[in-house]
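Enquirer: Following this message is one structure expressed as structure tokens.
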Amino acid sequence: MIPLAIYTILYHRRKSIYFMVPTVILSAGGAIVLNAIHNGWYNFYLFYLPRAHETDLSMITGFWAKDVLSVIPIMMMLSTFYLYSEFKNNRRNTAIFYLFVLLGMLGGSWFGRIHTGGYLNVLIPAMAAFSIVTGLAVDLTNRVLGKYRSIALLSLVILIPTQFLMLRYNPDDIIPGNRDLAAGMDLIDKISAVEGKVLMPYHGYYNHLAGKKTFAHKMAIGDVQRGDSVIGRELSKEISEALRNQKFDALFLDARWFPDTVLTYYTSTGFIFEQKDVFFPVTGFNVRPKYYFIPRDSL
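Under numbering that gives the first Met the number 0, the letters of the sequence shown match residues 0 to 298, in that order.
Structure, rendered in structure tokens:
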């Protein structure tokens, strides 16, 4: 939004008001309304909490080397070619516009990635921007290269499929097997069999499938706790108190979580899965529910 605002001021000063006014009204007005509706939590999550988290210094350069350059080098090359050609052909206005689009969306992904906890999904704006400008480069090549047009089009026939090959993956590899399905159905049955509330902080969706009430996700809780705010400490205190009071009739945990409190007021009934190699995600983090706890008083 900010790069485009700068662009409109530099190149369409008289018309920039048509962009600036709606942008300010929708952004500021939306923030005010949402903050009022949610009793201040909008400001907390959008402004305070991100500032309270640390910066992942490794991703300052890692973003460019690992996330962008090594993944979409051909799209970056074609995008650069497009911007250079538009400048050279005296279409500076168009070149600056798409340059600012790239800067805004690439910058948004970069800032999201260097934020601790930022995962691959924050790359979506950057990939979308490069996809758009790459498409424009292909169209430009087809229209303006004159006697070199045949060579350029032949190059594109090689370059574009090569870029797709670099992004290839086999969809079969991310489909869980029948053993994983059976283990998952068994897990749902275990949750359903509990009489009362079940806390499953890492995978609350399974509670929903089992017809149980769902609670906050571990990652959302962790984001608040990492902010090291009064609210984060109060949240930890509230969770500990709920565990001490044994408000949950069963805990399904992936790892040690509030270990002192859990081990004091709950007891383990063993591992959830007998097999060591089932029900792990086929992509992303290699986690699964492992430990089953019940209140000590229920023994």
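Glycine included, every Cβ here is placed at the ideal spot set by N, Cα and C.
Because the structure is a prediction, the values reported are computed rather than measured.
1) Would you tell me roughly how many angstroms separate the C-alpha atoms of TYR41 and ALA30, rounded to the nearest one?
2) Using alpha carbons as the reference points, say which of ARG142, VAL32, VAL137 and TYR168 lies closest to ILE157.
3) CB-CB under 7 Å to ASP227, same chain, minus the five flanking residues each way: which ones, in chain order?
4) Between the stretch 124-138 and the stretch 66-80, are three or more C-beta pairs nearer than 8 Å?
5) What residue range is occupied by the uninterrupted beta strand (DSSP E) comprising ILE293?
6) Would you mind reading off the limits of the alpha helix (DSSP H) that contains SER26?
7) If you count every other CB in all the chains shown that lies within 10 Å of the CB of GLY39, and 16 or more means buried, which is it?
8) With distances taken between CB atoms, is the gap from ALA125 to SER108 smaller than 8 Å?
9) In angstroms with no decimal places, state the Cα-to-Cα distance between SER239 and THR260.
10) For the alpha helix (DSSP H) containing SER191, list its first residue and its last residue.
11) Are PHE214 and LEU250 touching if we call contact CB-CB under 8 Å?
12) Helix or strand or just coil, what does DSSP make of HIS207?
13) Would you mind working out which of ASP253, GLY283 and PHE279 sits nearest GLU269, comparing C-alpha positions?
14) Measuring straight from C-alpha to C-alpha, what distance separates ILE123 and GLY116?
15) Quick check: what's the CA-CA separation for LEU82 versus ARG90?
16) Can you tell me the Cα-Cα spacing of MET165 and ILE73, whole angstroms?
17) Measuring CA to CA, which of PHE272, ILE71 and ASN34 is closest to ARG178?
18) From the DSSP output, in three-state form, read off THR260 for me.
19) Assuming LEU234 and ILE220 form a contact by the criterion Cβ under 8 Å, report the distance between their Cβ atoms to the nearest whole angstrom.
20) Using DSSP's beta-bridge definition, name the partner residues of HIS114.
21) Report the partner residues of TYR265 according to the DSSP bridge assignment.
22) Would you kindly work out how many angstroms separate the C-alpha atoms of GLN245 and VAL229, rounded to a whole number?
Expert: If we stick to the structure as given:
1) 7 Å
2) VAL137
3) ALA51
4) yes
5) 290-294
6) 15-36
7) exposed
8) yes
9) 7 Å
10) 177-192
11) no
12) helix
13) It is Gly, not Glu, that sits at residue 269 in the sequence shown. Of the candidates ASP253, GLY283 and PHE279, the one whose C-alpha sits nearest the C-alpha of GLY269 is ASP253.
14) 16 Å
15) 9 Å
16) 10 Å
17) PHE272
18) helix
19) 7 Å
20) THR54
21) PRO294
22) 24 Å
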